[in-house]
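Numbering (my numbering), first residue to last: 2 to 639.
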């Protein structure tokens with residue numbers, strides 16, 4: 002009977018209902034206030050582990066969930082640790098496989114992999130020196146640095162091999178390789194670094210640090226390629242047998258470098274056939290590109306921006322499971338609305354001001370996604386209710402002037418009589434008395450809802466939502482209400498996870514616009530300087546711009562949201578794709594300068610650079626497949 006009575010009392014108390022205790026009686030909550038900063042991931046993770054140990058040491062039939070910042074920190078920490086262990090070996094094996102498939106020899110695999118290995122090592126060392134921790138995005142650095150760094154090795158070793166196959170001695174082959182590729186390798190690396198460095202316009206720290214250190218790693222890979230690859234090619238032994246795969250299709254030259262094998266010939270035949278078809282159908286291809294661009298623009302307009310943390314993890318992640326459990330209570334998302342009054346004299350004790358907040362809470366409670374609101378208003382109403390013997394009519398705010406009725410005893414004509422007395426009391430004074438009584442009785446919630454000067458009021462709004470778009474609309478309606486109903490001296494600020502999510506979405510869009518436009522402009526300028534021609538620079542930019550547009554169009558049609566991971570797409574496309582433009586156009590313009598007509602120049606370019614570009618693109622593409630094993634879903638969609 003006592004338990005039933007207690008349950009009835011708890012459910013009757015709107016401060017507890019669906020907050021500490023669910024209406025169905027199946028869920029209860031324990032709320033722990035932390036003295037740890039929200040960005041102190043190490044201590045938050047330690048707190049999470051300590052809480053888990055408590056439950057392990059005290060097993061029972063109940064199911065427990067840990068929600069809030071500790072579980073977010075723990076989930077991110079766990080994901081980063083697992084991803085870091087998986088990414089490097091997976092992408093390294095893929096790179097080794099495709100390098101071997103391309104060059105069929107130890108040197109062709111070892112030389113590029115040594116370069117990327119050292120570039121990753123040096124980049125991570127710089128992060129350690131400057132105390133930059135790995136985060137959910139930078140944990141993918143090895144994938145990007147291997148995919149980017151191996152490109153220089155592919156082009157340089159491919160050029161060296163072609164020179165050797167033409168009968169050039171080793172020293173001359175290395176010299177010709179540097180003569181042809183030193184400038185393109187330098188320029189492609191710088192433009193790639195510029196593409197990624199454009200991400201530094203973002204205020205989202207994981208994106209900003211990712212852009213900085215991929216750019217640094219790219220430049221390190223360039224320097225190592227230009228220094229170590231020629232040195233390694235001069236000292237590493239060349240064996241006739243190292244590239245022999247099938248004696249019927251592979252022979253060796255006196256230099257020890259193999260002639261074209263079956264795979265080489267297959268790729269070459271495909272590229273030559275593709276080139277012939279392109280040259281014969283140029284107008285049709287351009288028309289098709291325009292049509293695809295139109296469809297891509299429409300797809301781009303369907304693109305949605307989401308920064309919902311739950312959508313970043315798999316459904317069985319502890320963080321996601323805990324949030325779903327919180328939906329049974331007061332919701333998993335919180336908005337802290339702080340309202341400051343620019344007045345002296347403890348303005349939040351005035352009933353008129355409190356009434357404005359009460360009306361505001363009624364407006365909020367009518368919103369579909371809002372499950373609970375709590376402020377100083379609710380506390381005062383509850384104190385009034387308790388102080389007046391739990392009478393329902395006193396579950397309200399004091400009015401500006403209250404009429405208090407009491408029965409007093411008088412002596413009249415020698416007799417004791419009782420008479421009802423009415424006294425006026427200021428509503429402000431009554432609020433002050435209630436709060437003094439509350440504090441003297443041991444109440445400790447006051448500091449959660451008001452500051453010591455009674456100028457800053459904290460209104461907590463719990464909502465149920467898994468959409469940043471819906472949350473943004475709610476915040477807009479809140480701002481509109483405040484603008485229409487609050488006096489000028491009221492200054493409102495929204496904080497908490499919901500505004501953070503919305504701000505992240507807004508920043509994803511703005512950083513995408515600025516980084517995309519900045520990288521396009523910077524890369525165009527670089528191409529113009531490289532080719533000494535604005536026309537040629539624009540020519541190099543066209544495939545990049547088309548690819549970015551096409552990619553965003555596909556995302557829009559397939560329902561892939563623009564988030565913290567996919568926001569990197571444009572910089573990746575530009576940063577990596579410009580390499581292909583520079584290598585292709587450098588070779589083509591070189592052939593034209595030497596007297597070849599356009600068609601012969603294109604054919605020669607495909608013959609000398611086509612295989613390297615194709616191998617590079619395939620290696621990079623499959624390298625990014627390593628992101629598919631991540632538990633952080635934005636990296637998977639990336």
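Note that beta-carbon positions come from the ideal geometry of N, C-alpha and C, so glycine has one too.
| query | In terms of residues, what are the limits of the alpha helix (DSSP H) holding residue 571? | reply | Residue numbering aside, residue 571 sits at position 570 when the chain shown is read from its first letter. Start and end: 570 to 594.
| query | With C-beta atoms as the reference, is residue 525 less than 9 Å away from residue 498? | reply | As a working mapping, residue 525 is identified with position 524 in the chain shown. As a working mapping, residue 498 is identified with position 497 in the chain shown. Result no, Cβ atoms of residue 525 and residue 498 do not sit closer than 9 Å.
| said: So, with DSSP's three-state summary, where would you put residue 425? | reply: The residue given as residue 425 occupies position 424 in the chain shown. The answer is strand: DSSP assigns residue 425 an E or B state.
| field | The beta strand (DSSP E) enclosing residue 320, as first and last residue numbers | value | Numbered from its first residue, the chain shown carries residue 320 at position 319. Run containing residue 320: none in the beta strand (DSSP E); it sits in the alpha helix (DSSP H), 319 to 327.
| task | Label residue 252 either buried or exposed according to how many other C-beta atoms from any shown protein chain fall within 10 Å of its C-beta, with 16 as the threshold for buried. | result | For the purposes of this step, residue 252 is taken as residue 251 along the chain shown, with counting starting at 1. For residue 252, the predicted model reports a pLDDT of 39, less than 50, meaning its position is unreliable and no value from the coordinates is stated.
| task | Could you tell me if residue 56 is buried or exposed, where buried requires 16 or more neighbouring beta carbons within 10 angstroms of its beta carbon? | result | Position 55 of the chain shown, counting from 1, holds the residue named residue 56. So residue 56 ends up on the exposed side.
| said: So, at 7 Å on beta carbons, what are the nonlocal neighbours of residue 137 in its own chain, with the 5 sequence-adjacent residues on each side left out? | reply: Translated into positions along the chain shown, residue 137 becomes position 136. Same-chain partners within the cutoff: 77, 80, 81, 207, 633.
| Per DSSP, residue 408 is paired with what? | On the chain shown, residue 408 is found 407 positions in, with the first residue counted as 1. According to DSSP, which records beta bridges pairwise, residue 408 is partnered with 421.
| Which residue comes first and which comes last in the alpha helix (DSSP H) that contains residue 491? | In the chain shown, the residue the question calls residue 491 occupies position 490. From DSSP, residue 491 is part of no alpha helix (DSSP H) but of the beta strand (DSSP E) over 491 to 496.
| Beta-carbon gap between residue 340 and residue 494 smaller than 9 Å | Along the chain shown, read from residue 1 onward, the residue named residue 340 stands at position 339. Along the chain shown, read from residue 1 onward, the residue named residue 494 stands at position 493. Yes, Cβ-Cβ distance for residue 340 and residue 494 is below 9 Å.
| query | Under the three-state reduction of DSSP, which class applies to residue 119: helix, strand or coil? | reply | Here residue 119 refers to the residue found at position 118 when the chain shown is read from its first residue. Reduced to three states, the DSSP call for residue 119 is helix.
| How do the segment 176 to 188 and the segment 87 to 105 stand: do at least 3 beta-carbon pairs fall below 8 Å, yes or no? | no
| field | Segment contact flag, the segment 231 to 239 with the segment 570 to 577, C-beta cutoff 8 Å, min 3 pairs | value | The way I'd put it, the segment 231 to 239 doesn't touch the segment 570 to 577; fewer than three beta-carbon pairs between them come closer than 8 Å.
| Which word fits residue 162, buried or exposed, when buried means at least 16 other C-beta atoms lie within 10 angstroms of its C-beta? | As a working note, residue 162 is residue 161 in the chain shown. It is buried - the Cβ of residue 162 has at least 16 other Cβ atoms within 10 Å.
| said: Can you give me the C-alpha to C-alpha distance between residue 247 and residue 282, rounded to a whole angstrom? | reply: Working through the chain shown from its first residue, we reach residue 247 at position 246. Working through the chain shown from its first residue, we reach residue 282 at position 281. For residue 247, the predicted model reports a pLDDT of 36, less than 50, meaning its position is unreliable; a value from the coordinates is still stated below. Computed Cα separation, rounded: 37 Å.
| message | Please list the terminal residues of the continuous alpha helix (DSSP H) segment that includes residue 381. | response | Working through the chain shown from its first residue, we reach residue 381 at position 380. Unbroken alpha helix (DSSP H) run through residue 381: 377 to 388.
| field | Uninterrupted alpha helix (DSSP H) stretches inside the segment 88 to 149 (no shorter than 4 residues) | value | 107 to 130
| field | Pair within 9 Å by beta-carbon distance, residue 371 and residue 475 | value | Here the question's residue 371 lines up with position 370 in the chain shown. Here the question's residue 475 lines up with position 474 in the chain shown. In this structure, residue 475 lies closer than 9 Å to residue 371 by Cβ.
| query | Taking buried to mean at least 16 other C-beta atoms within 10 Å of its own C-beta, is residue 353 buried or exposed? | reply | Within the chain shown, numbered from 1, the residue matching residue 353 stands at position 352. Exposed, because fewer than 16 other Cβ atoms sit within 10 Å of the Cβ of residue 353.
| said: Tell me the rounded alpha-carbon separation between residue 618 and residue 74. | reply: As a first step, residue 618 must be located in the chain shown, where it is residue number 617. As a first step, residue 74 must be located in the chain shown, where it is residue number 73. Residue 618 and residue 74: Cα-Cα distance of roughly 36 Å.
| query | Under three-state DSSP, which class holds residue 29? | reply | Here the question's residue 29 lines up with position 28 in the chain shown. Here residue 29 sits in strand by DSSP.
| request: Determine, using beta carbons only, whether residue 631 and residue 156 come nearer to each other than 9 Å. | output: What you label residue 631 is simply residue 630 of the chain shown in a count that begins at 1. What you label residue 156 is simply residue 155 of the chain shown in a count that begins at 1. No, the Cβ-Cβ distance between residue 631 and residue 156 is not below 9 Å.
| query | Taking the runs of the beta strand (DSSP E) that are 3 residues or longer, which of them lie wholly in the segment 438 to 515? | reply | 457 to 464, 491 to 496
| message | For residue 339, report the span of its alpha helix (DSSP H) as first-last. | response | Taking the first residue of the chain shown as 1, we reach residue 339 at position 338. Per DSSP, residue 339 belongs to no alpha helix (DSSP H); it is in the beta strand (DSSP E), 334 to 342.
| query | How about the segment 290 to 303 and the segment 497 to 515: do they share at least three Cβ pairs that are nearer than 8 Å? | reply | Here the segment 290 to 303 makes no contact with the segment 497 to 515; the two share fewer than three CB pairs at distances below 8 Å.
| task | For the alpha helix (DSSP H) holding residue 193, just list the boundary residues, first then last. | result | For the purposes of this step, residue 193 is identified with residue 192 of the chain shown, where counting begins at 1. That run of the alpha helix (DSSP H) goes 171 to 198.
| message | By the three-class DSSP mapping on this structure, what secondary structure does residue 161 have? | response | For the purposes of this step, residue 161 is identified with residue 160 of the chain shown, where counting begins at 1. DSSP places residue 161 within a helical segment (H, G or I) once states are collapsed to three.
| said: Am I right that residue 559 and residue 520 are in contact with their C-beta atoms under 8 Å? What's the rounded C-beta distance? | reply: Here residue 559 is taken as the residue at index 558 of the chain shown, counted from 1. Here residue 520 is taken as the residue at index 519 of the chain shown, counted from 1. In fact, because the Cβ distance is near 24 Å, the residues do not count as touching under 8 Å.
| query | Since residue 450 contacts residue 380 with CB under 8 Å, what's their CB separation in whole angstroms? | reply | Your numbering for residue 450 matches position 449 in the chain shown. Your numbering for residue 380 matches position 379 in the chain shown. 6 Å between Cβ atoms; contact.
| said: Any contact between the segment 410 to 418 and the segment 329 to 336? By contact I mean 3 or more CB pairs, one from each, below 8 Å. | reply: no
| message | At the level of alpha carbons, what is the spacing between residue 139 and residue 215? | response | To locate residue 139, count along the chain shown from 1; it is residue 138. To locate residue 215, count along the chain shown from 1; it is residue 214. About 9 Å.
| Coarse secondary structure for residue 15, derived from DSSP in three states | As a working note, residue 15 is residue 14 in the chain shown. Coil, per DSSP.
| field | Nearest candidate by alpha-carbon position, reference residue 322, set 67, 125, 394, 598 | value | Here the question's residue 322 lines up with position 321 in the chain shown. It is 67 whose Cα lies nearest to the Cα of residue 322.
| field | Pair within 9 Å by beta-carbon distance, residue 8 and residue 20 | value | One-based indexing of the chain shown puts residue 8 at position 7. One-based indexing of the chain shown puts residue 20 at position 19. No, the Cβ-Cβ distance between residue 8 and residue 20 is not below 9 Å.
| task | Using alpha carbons as the reference points, say which of 393, 439, 411 lies closest to residue 384. | result | As a first step, residue 384 must be located in the chain shown, where it is residue number 383. When each option's Cα is compared against that of residue 384, the closest is 439.
| message | So, under 8 Å CB-CB, residue 547 and residue 294 are touching, yes? Tell me the CB distance rounded to an integer number of Å. | response | Along the chain shown, read from residue 1 onward, the residue named residue 547 stands at position 546. Along the chain shown, read from residue 1 onward, the residue named residue 294 stands at position 293. That belief holds up - the Cβ atoms of residue 547 and residue 294 are roughly 7 Å apart, short of 8 Å.
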